[in-house]
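At position 228 of the first sequence the residue is numbered 236 (the working numbering), and the sequence of numbers has no breaks.
Ideal placement from N, C-alpha and C gives every residue a C-beta, glycine not left out.
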Amino acid sequence: MKIKALNGFKDIVPGEVELWQKVEATARDIFARFNFNEIRMPILEKTELFARSIGEATDIVEKEMYTFADKQITMRPEATASLLRAYIQHGLHVQKPIQRLFTIGPMFRHERPQKGRLRQFHQLDVEVLGTPNPRVDAELMAMGAMILEELGITVSLEMNSLGCPICRPVFREALLNFIDDRKDALCEDCARRSKTNPLRVLDCKNPTCRKQVEEAPSIQEHLCSECDEHFNAVQGGLTQLNVQYSLNKFMVRGLDYYTRTTFEFITKDLGAQAAVGAGGRYDGLVAKLGGPKVPGIGFAMGLERIILLLQQQEESADNTQIDIFVAGLGEKASELAFPLAHKLRGEGLFTAMDHEARSLKSQMKQANKVNARYVLIIGDNELEKGTAVLRNMESQEQQEIAITSLSTELLSIILPHSTGGNPAQTHDN
RNA sequence: GUGGGUGUAGCUCAGUUGGUGGUAGCACCUGGUUGUGGCCCAGGAGGUCGUGGGUUCAAGUCCCAUCACUCACCCCA
């Protein structure tokens with residue numbers, strides 16, 4: 009009986025992992041350009057943290073969390089709660105009044121898996137803490153758009169405001185009245201939602217609900233003057249930054265903590281899982297978790313969904329490269345080649361070699377397969393002469409090099425990777 | 001949690017009315033003269049036909065169950 013990965017859990021194997029590296033590298037690069045700092049948190053937290061931040065009555069907390077009940081600890085279903093906990097615990101607001109933070113890592117939710125939805129999935133998550141400035145809202149959306157754009161993913165950005173503790177209850181009341189008038193026409197789910205989280209009735213997918221809801225009151229017309237001013241300023245900022253967006257009065261959030269600005273990056277190409285990224289402002293949350301009274305805003309993107317979109321676009325995967333393949337022929341030569349390869353690696357060369365004592369033809373094939381730029385051939389002939397043969401795989405030219413000065417000679421001929429970085433990133437040229 | 005679809009080689013898949021598992025493609029290994037890659041050719045290796053029952057002289061094929069995967073609902077990134 010073979011042991012397989014758990015349902016909803018996936019391995020990322022060579023050939024696919026290169027795409028992940030590309031996405032993460034692009035995101036990190038852009039985070040740096042926007043002056044964000046990385047933070048990493050543990051995966052396990054006290055269950056209470058998520059109950060308090062995400063909301064007791066949300067689906068995530070009610071039935072989707074991986075919890076060790078006896079220990080009252082839970083594997084994080086999202087990043088914001090953990091990040092804020094760390095922010096509060098380390099007093100980061102004292103060190104710097106405005107913190108711009110990002111994190112990348114796995115999240116866990118026990119849902120039925122489907123396309124673009126796994127039980128362990130990965131998010132990149134961004135939070136700006138310490139300022140209510142609407143420019144930050146616009147800047148964040150612009151950054152999210154830039155990441156997706158540089159990856160070559162086309163999405164639309166939809167935005168709404170959910171108001172604040174002052175104006176949202178007023179709107180909620182108006183909405184409840186509206187729903188009450190036509191509750192018979194709404195689907196079962198919406199009947200339930202109207203009690204638990206009436207705002208969610210607005211984004212029901214059921215066509216008849218949708219039709220009913222078209223006439224529903226708009227939150228955008230119920231905003232208090234501060235929220236309305238903020239909402240307008242965010243839109244002004246987006247225009248200044250030349251970010252395309254559309255307003256969607258039906259867009260609400262499943263998590264309790266959002267206030268004012270909310271937004272989603274939507275794609276048409278992922279079936280039911282349309283949201284590639286989503287986020288919004290949560291001005292009361294830090295205080296609610298016992299921290300300072302600072303506003304915050306953030307968003308998360310689903311890496312699996314981004315990867316799926318990239319895979320749909322182009323089958324181009326990796327081409328990792330090797331600087332030199334060391335081919336030893338015969339026992340004596342291999343005896344010399346083995347430590348030589350190690351030395352080259354120490355010098356910074358990406359070096360491959362085969363330990364199975366195979367034929368030269370076979371080793372050449374391998375060298376070709378791993379994309380080696382050069383092959384160094386050491387056999388009995390060479391040992392006698394005190395030389396080795398260096399073959400340029402592309403030009404097919406070969407030259408002899410004295411074994412005594414081998415590594416310095418090689419280094420001068422084979423320039424190490426100019427980027428010095430991950431070979432997966434050098435595939436552009 | 002609720003529905004639908006699909007399970008044959010590492011991957012993508014053939015498999016006729018039940019009659020010994022494929023000459024299929026990709027990938028892998030070894031060869032095509034003595035020590036040179038990509039192309040081509042030849043050979044090789046690789047499978048408890050998801051699992052467990054049942055019908056039958058005979059089941060990959062029919063029936064039941066179960067598990068897994070997958071899509072959708074729900075929810076969300």
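Looking at the structure shown, is Tyr74 part of a helix, part of a strand, or coil, going by DSSP?
strand
To the nearest angstrom, how far is the alpha carbon of Leu384 from that of Leu398?
5 Å
What residues match up with Ser169 in a beta bridge as DSSP calls it?
Thr269
Give a yes or no on whether the C-beta atoms belonging to Gln220 and Leu194 are separated by under 8 Å.
yes
Bounding residues of the alpha helix (DSSP H) (the contiguous stretch that carries Tyr95):
88-97
Please specify which runs of the alpha helix (DSSP H), each continuous and at least 4 residues long, are wholly inside the region 345-417, giving them in chain order.
As far as the region 345-417 is concerned, its whole alpha helix (DSSP H) runs of at least 4 residues are 368-377, 388-393.
Excluding the five sequence neighbours on either side, which residues of its own chain have a C-beta within less than 6 Å of the C-beta of Cys217, listed in chain order?
Leu194, Cys195, Cys198
Cβ neighbour criterion (16 or more within 10 Å) applied to Phe58:
Buried, because 16 or more other Cβ atoms sit within 10 Å of the Cβ of Phe58.
May I ask which residues mark the beginning and end of the beta strand (DSSP E) holding His118?
Segment: none, His118 is in no beta strand (DSSP E) and carries neither H nor E.
My output table needs one value for Glu53: the three-state DSSP class, helix, strand or coil.
strand
List the DSSP bridge partners of Asn43.
Paired residue(s): none; Asn43 is not in a bridge.
Is Asp4 helix, strand or coil by DSSP?
Outside the displayed range of the chain (9 to 437) lies residue 4, so it cannot be described from this structure.
Does the Cβ of Arg41 have 16 or more other Cβ atoms within 10 Å, making it buried, or fewer, making it exposed?
exposed
Tell whether a beta-carbon distance below 8 Å holds between Pro142 and Phe179.
no
The alpha helix (DSSP H) spanning His238 covers which residue range?
First-last of the alpha helix (DSSP H) with His238: 233-248.
Quick check: Gly16 and Gln128, are their CB atoms within less than 8 Å of each other?
Yes, the pair counts as a contact, with Cβ atoms nearer than the cut-off.
Nearest-angstrom Cα distance between Leu52 and Leu317?
30 Å
According to the neighbour-count rule (16 or more other Cβ atoms, all chains shown, within 10 Å of its Cβ), is Ala77 buried or exposed?
Answer is exposed; the Cβ neighbour count stays below 16.
Suppose only complete runs of 4+ residues qualify. What are the alpha helix (DSSP H) ranges in the region 269-329, listed by chain order?
Qualifying alpha helix (DSSP H) stretches, in chain order: 293-296, 311-321.
Closest to Ala380 by C-alpha separation, out of Asp19, Asp331, Leu414, Ala396, would be which residue?
Nearest of Asp19, Asp331, Leu414, Ala396 to Ala380, Cα basis: Asp331.
Rounded to the nearest angstrom, how far is the Cβ of Gly171 from that of Arg84, given a contact under 8 Å?
The pair is not a contact, with the Cβ atoms about 28 Å apart (cut-off 8 Å).
Roughly how many angstroms lie between the CA atoms of Ile274 and Gly152, to the nearest whole one?
12 Å
Delimiting residues of the alpha helix (DSSP H) encompassing His101:
For His101, the enclosing alpha helix (DSSP H) starts and ends at 100-103.
Backbone CA spacing between Glu355 and Ser415 [nearest angstrom]
8 Å
In DSSP terms, what Thr82 is bridged to:
Glu53, Thr75
Cβ of Ala365 within 8 Å of Cβ of Met401?
No, the Cβ-Cβ distance between Ala365 and Met401 is not below 8 Å.
Under the DSSP definition of a beta bridge, which residues are partnered with Thr111?
Asp133
Reducing DSSP to helix, strand and coil, say where Gln252 ends up.
coil
Using a Cβ distance threshold of 8 Å, determine whether the region 153-172 contacts the region 251-265, with at least three qualifying pairs required.
yes
Count the other CB atoms within 10 Å of the CB of Lys30; is the residue buried (16 or more) or exposed (fewer)?
buried
Counting beta carbon pairs with one atom in the region 85-105 and one in the region 292-299, are three or more of them shorter than 8 Å?
Remark: three or more beta-carbon pairs, one from each stretch, lie closer than 8 Å, so the region 292-299 and the region 85-105 are flagged as touching.
Reduced DSSP category for Gly336 - H, G, I as helix; E, B as strand; rest coil
strand
What is the DSSP secondary structure of Asp331, counted as helix, strand or coil?
strand
Let me confirm a value: Ala13 is counted as buried when at least 16 other C-beta atoms fall within 10 Å, else exposed. Which label applies?
exposed
How is Ser420 classed by DSSP in three states: helix, strand or coil?
helix
Measure from the alpha carbon of Gln80 to the alpha carbon of each residue in Ala87, Val69, Thr88, then state which is nearest.
Val69
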